[in-house]
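K.L.:
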Amino acid sequence: MDLQLAGKTALVCGASKGLGYACAMSLAREGAAVTIVARHANVLEEAAKAIREATGSSVTAVAADITTPEGRAAALAACGMPDILVTNSGGPQPGDFRDWSQDDWMAALNANMYTPIALIQAVIDTMIERRHGRIINITSAAVKMPIDILGLSNGARAGLTGFVAGLARQVIQHNVTINNLLPGPFETDRLRQTAATKAEKAGKTVDEVLKARLDGIPARRYGQPPEFGDACAYLCSGQAGFITGQNLVLDGGIYPGTL
Ligand code: NAP
1 MDLQLAGKTA LVCGASKGLG YACAMSLARE GAAVTIVARH ANVLEEAAKA
51 IREATGSSVT AVAADITTPE GRAAALAACG MPDILVTNSG GPQPGDFRDW
101 SQDDWMAALN ANMYTPIALI QAVIDTMIER RHGRIINITS AAVKMPIDIL
151 GLSNGARAGL TGFVAGLARQ VIQHNVTINN LLPGPFETDR LRQTAATKAE
201 KAGKTVDEVL KARLDGIPAR RYGQPPEFGD ACAYLCSGQA GFITGQNLVL
251 DGGIYPGTL
C-alpha cells in the first residue's frame, strides 16, 4: 500500500532512539522528509545518518530540549510548518508519589502534557489552512492501565489525552487528525531503565526482571520499535484521514478489556 507520504514533511520529537526514532525511520522510508529532535547531539547525528542511509530521505537533526520554548522554536524553525507532527519526549521518573514535590509534578506536566499541546498549538492552524495534517502523540499504555510506580506519567498523560479528545473532533473537518499511540513494553532504553528500578528494589538483575515480565505479556515477547514506527506511519497516511481522537494500544495483548 502506498501511504501517500512521499513529499510530506514530518517533525518527530524524541527521535534519536527508541520509539521516536522508529517513527522517523518508518516515515522516512515512506518518502517523508523528517526533522528529528533530541538533546544529545552525537546520538542524534548518528540516528540521522542511519535514517538517511536506510531510506534516502532528507533528514534534519535538531539538538534541542523539546520541553523548552527555545527547543520548540529551534525545531519548528528547522523544519518549517510540518505536514506531520509526532510528539514525544522521555517519560517521567518512576517512584512513590509521597516523594514527589510540586516541581516534580510541574516537570512531568510540562514534558508529557504541555509540550505536546504547545507543539500542536504552533502547527495546527497552518495544517487547517492546508487542509491536511497528521498529529501523533506517543503516550503510554499507562493511560488505560496505570502503572503503580509511574504516577507522574499516569497523571500527566491522562491530561494530554483528555485535551486531545476534545480538539481532535474540532479539526478533522479540515483533514487534520490527532491520534495517540500507547506503547506497552517495547524493547528500548526506557524499558531497561524502568526494569533497572524494579530490579534494584527486588534485589534481582535487570535480565531476571525482564524475563519474569514476559509471563504477563500474552505475546510472550517485547514489542520491537519498528512495529511501533509502522503503526505511526499508517496513522499519518493519506488513508487514515477518517481516524481521529483514538488511543491505539500496542502492548502484545496485555490490556485485558474487550474495548
Ligand atoms: P527512549 O528509548 O529513552 O528514547 C527517548 C527519546 O526521547 C531519545 O531520543 C531521547 O534523546 C529523547 N528525549 C528525551 N527527553 C527529551 C527532551 N526533553 N527533548 C528532546 N528529546 C528528548 O524512550 P522510548 O522507550 O522510545 O519511549 C518513548 C516514550 O514512550 C516515553 O515517553 C516513554 O515513557 C513512553 N513509553 C515507552 C514504553 C516502552 O516500553 N518503551 C512504554 C510505555 C511508554 P535525548 O535523551 O538525547 O534527549
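Everything in the sequence shown is counted per my numbering, starting at 1 for the first residue and increasing by one.
Yeah, the Cβ is synthetic: ideal placement off N, Cα and C, and Gly gets one too.
1) Just to confirm the assignment, what range does the beta strand (DSSP E) spanning Gly133 have?
2) I'd like the span of the alpha helix (DSSP H) that includes Pro183, first residue to last.
3) CA-CA distance, Val34 and Gly238?
4) Please look up how many angstroms separate the CB atoms of Ala260 and Glu45, rounded, as I've assumed it's under 8 Å.
5) Decide if the segment 182-191 is in contact with the segment 14-25; the criterion is three or more beta carbon pairs, one per stretch, under 8 Å apart.
6) Closer than 8 Å, CB to CB, is Ser57 near chain B or not?
7) Would you check whether ligand 1 has a heavy atom nearer than 7 Å to the C-beta of Ile138?
8) Is the beta carbon of His40 within less than 7 Å of some heavy atom of ligand 1?
9) Could you tell me the boundaries of the beta strand (DSSP E) in which Val164 lies?
10) Is Leu76 near ligand 1, going by C-beta to nearest heavy atom under 7 Å?
11) With 16 other CB atoms within 10 Å as the buried threshold, where does Arg134 fall?
12) DSSP puts Asn263 in a beta bridge; with which residues?
13) Taking the beta carbon of Leu260 as the centre, do at least 16 other beta carbons fall within 10 Å, making it buried, or is it exposed?
14) Using only the alpha-carbon positions, how far apart do Glu53 and Ala73 sit?
15) Measuring CA to CA, which of Asn137, Ala122, Gly257 is closest to Leu76?
16) Put Phe97 into one of helix, strand or coil per three-state DSSP.
17) Please indicate yes or no: does the CB of Leu3 lie closer than 7 Å to some heavy atom of ligand 1?
18) For Ile243 versus Ala141, is the C-beta spacing smaller than 8 Å?
19) Kindly indicate which three-state DSSP category Thr55 falls into: helix, strand or coil?
P.N.:
Considering the structure as presented:
1) Position 133 of the sequence shown, counted from the start, is the residue given in the question as residue 133. 133-138 is the span of the beta strand (DSSP E), which, as asked, contains Gly133.
2) Here the question's residue 183 lines up with position 183 in the sequence shown. Segment 176-183 is the beta strand (DSSP E) holding Pro183; no alpha helix (DSSP H) there.
3) Stepping through the sequence shown from its first residue, residue 34 is reached at position 34. Stepping through the sequence shown from its first residue, residue 238 is reached at position 238. Approximately 17 Å, taken between the alpha carbons.
4) The chain is shown from 1 up to 259; residue 260 falls before or after that span and cannot be answered.
5) yes
6) Annotation note: the requested chain B is absent from the structure, which comprises a single protein chain.
7) Translated into positions along the sequence shown, residue 138 becomes position 138. The answer is yes for Ile138.
8) Position 40 of the sequence shown holds residue 40. At least one heavy atom of ligand 1 is nearer than 7 Å to the Cβ of His40, so yes.
9) The residue given as residue 164 occupies position 164 in the sequence shown. Not the beta strand (DSSP E): Val164 falls in the alpha helix (DSSP H), residues 151-171.
10) For this step, residue 76 is matched to residue 76 along the sequence shown. For ligand 1, not one heavy atom lies less than 7 Å from the Cβ of Leu76.
11) If you number the sequence shown from 1, residue 134 lands on position 134. So Arg134 ends up on the buried side.
12) Summary: the structure shown does not reach residue 263, with the chain confined to residues 1 through 259, and so no result is reported for it.
13) Residue 260 lies beyond the stretch modelled for the chain, which goes from 1 to 259, so this question has no answer here.
14) Working through the sequence shown from its first residue, we reach residue 53 at position 53. Working through the sequence shown from its first residue, we reach residue 73 at position 73. Those two C-alpha atoms are separated by around 27 Å.
15) Position 76 of the sequence shown, counted from the start, is the residue given in the question as residue 76. Checking every option, the nearest Cα to that of Leu76 belongs to Ala122.
16) On the sequence shown, position 97 is the one that residue 97 refers to. Here Phe97 sits in helix by DSSP.
17) Working through the sequence shown from its first residue, we reach residue 3 at position 3. Outside the cutoff, so no.
18) Here residue 243 corresponds to residue number 243 of the sequence shown, with the count starting at 1. Here residue 141 corresponds to residue number 141 of the sequence shown, with the count starting at 1. No, the pair does not count as a contact, with Cβ atoms beyond the cut-off.
19) Here residue 55 refers to the residue found at position 55 when the sequence shown is read from its first residue. Correct three-state label for Thr55: helix.
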